[in-house]
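Numbering (the numbering used here), first residue to last: 30 to 101.
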Ligand code: 9UX
């Protein structure tokens with residue numbers, strides 16, 4: 030099945046930051062769709078529903094140079 034996860038992403042200050050985060054998240058295997066919102070400093074990610082997806086998404090955000098704060 031699929032699962033939609035919301036991540037809080039700190040450190041984005043411009044549109045290029047948004048594109049970097051989107052690209053990083055889309056490159057995570059199992060990610061199907063990504064929507065990053067600068068105003069709310071968050072990302073909504075549609076995934077394959079793997080139970081470790083949450084950790085993988087946070088790791089990708091951090092590796093791209095931004096700060097994953099929470100997921101729900
Ligand atoms: Mo925008 Mo983000 O110039 O790290 S790319 S501030």
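In this text, a Cβ means the ideal position worked out from N, Cα and C, and glycines have one as well.
Skipping 5 residues on each side, what residues in its chain have a beta carbon closer than 6 Å to that of residue i?
{"i": "residue 64", "result": "73"}
{"i": "residue 43", "result": "none"}
{"i": "residue 79", "result": "59"}
{"i": "residue 77", "result": "59"}
{"i": "residue 62", "result": "75"}
Expressed to the nearest angstrom, what Euclidean distance is found between the alpha-carbon atoms of residue i and residue j?
{"i": "residue 34", "j": "residue 83", "result": "7 Å"}
{"i": "residue 81", "j": "residue 30", "result": "14 Å"}
Helix or strand or just coil, what does DSSP make of residue i?
{"i": "residue 34", "result": "strand"}
{"i": "residue 135", "result": "Any property of residue 135 remains undetermined from this structure, which presents the chain solely from 30 to 101."}
{"i": "residue 70", "result": "coil"}
{"i": "residue 77", "result": "coil"}
Cutting at 8 Å between CB atoms, please list the residues of its own chain near residue i, excluding the five before and the five after it.
{"i": "residue 90", "result": "36, 38, 50, 53, 54, 72, 96, 97"}
{"i": "residue 22", "result": "For residue 22 there is no data in the structure shown, the boundaries of the chain being 30 and 101."}
Closer than 7 Å to a non-hydrogen atom of the ligand 9UX - does that hold for the CB of residue i?
{"i": "residue 45", "result": "yes"}
Leaving out the 5 sequence neighbours to the left and right, which residues in its chain are closer than 7 Å to residue i when beta-carbon positions are compared?
{"i": "residue 47", "result": "41, 65, 67"}
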